[in-house]
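Data first, discussion second: the structure below is written as structure tokens.
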Amino acid sequence: MGKEIEKKFLVKNEGFKKNATHKLIRQGFLNKDPERVVRIRVADDKAWLTIKGRNKGSSRDEFEYEIPKSDAVELLKLCEKPLIEKTRYYCTVKEKSWEIDVFTGENEGLILAEVELSDEMEQIEIPDWAGTEVTNDPRYYNNNLVLNPFQRWDTND
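First residue of the sequence shown: 145, per the working numbering; consecutive thereafter.
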């Protein structure tokens, strides 16, 4: 069984782009029940089926399987709309790999950074482009961004 332990942060500026690589991602959700989220993701010429359990702090169970891209493209048609569309940037800060998602479509304007941890107590250095931590705010979970896209948020929240 896989375990995902990560922290999420809002992004203040585009300093992360200096030495980053990136790829376009489209993903959708077949099931968004918090007990068992089922996601389809396509990035470049690869695709995955991912099942995630309920969040327990900054960790949760995660199972991910590569599937044929042609299957994923068809499965995306079954997913709830809107699909999540984003450019994911990859960079390293103090030997930690960070993923920064710049959302488009109905979530345009949202930029989130994630860093995976080896355990929940691991201390990390936060880069100067990372802002407020939103790990425990469910509004920022991708499956919730389908239900309530960022473009529809009341900016006074």
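Glycine included, every Cβ here is placed at the ideal spot set by N, Cα and C.
Just so you know, these numbers come straight off a predicted model, no measurement behind them.
DSSP beta-bridge partners for residue i?
i           : result
residue 242 : 235, 259
residue 251 : According to DSSP, which records beta bridges pairwise, residue 251 is partnered with nothing at all.
Skipping 5 residues on each side, what residues in its chain have a beta carbon closer than 6 angstroms to that of residue i?
i           : result
residue 197 : 204, 205
residue 229 : 170, 248, 249
Identify which residue in the options has its Cα closest to the Cα of residue i.
i           : options            : result
residue 121 : 207, 250, 188, 266 : It is not possible to answer for residue 121, since the shown part of the chain is limited to 145 through 301.
residue 268 : 164, 240, 152      : 240
residue 187 : 245, 262, 257      : 245
residue 279 : 292, 229, 168, 261 : 261
residue 296 : 252, 185, 271      : 252
residue 146 : 255, 298, 195, 270 : 195
residue 153 : 209, 294, 242, 210 : 242
residue 236 : 226, 211, 218, 270 : 270
residue 275 : 285, 281, 202, 256 : 256
Suppose the cutoff is 7 angstroms on Cβ atoms and the five residues either side in sequence are ignored; what does the same chain contact list for residue i look like?
i           : result
residue 173 : 181, 182, 183, 223, 224, 287, 290
Measure the C-alpha to C-alpha separation of residue i and residue j and round it to an integer number of angstroms.
i           : j           : result
residue 283 : residue 263 : 23 angstroms
residue 160 : residue 234 : 8 angstroms
residue 238 : residue 163 : 13 angstroms
Helix, strand or coil for residue i per DSSP?
i           : result
residue 278 : coil
residue 284 : helix
residue 222 : coil
residue 197 : coil
residue 205 : strand
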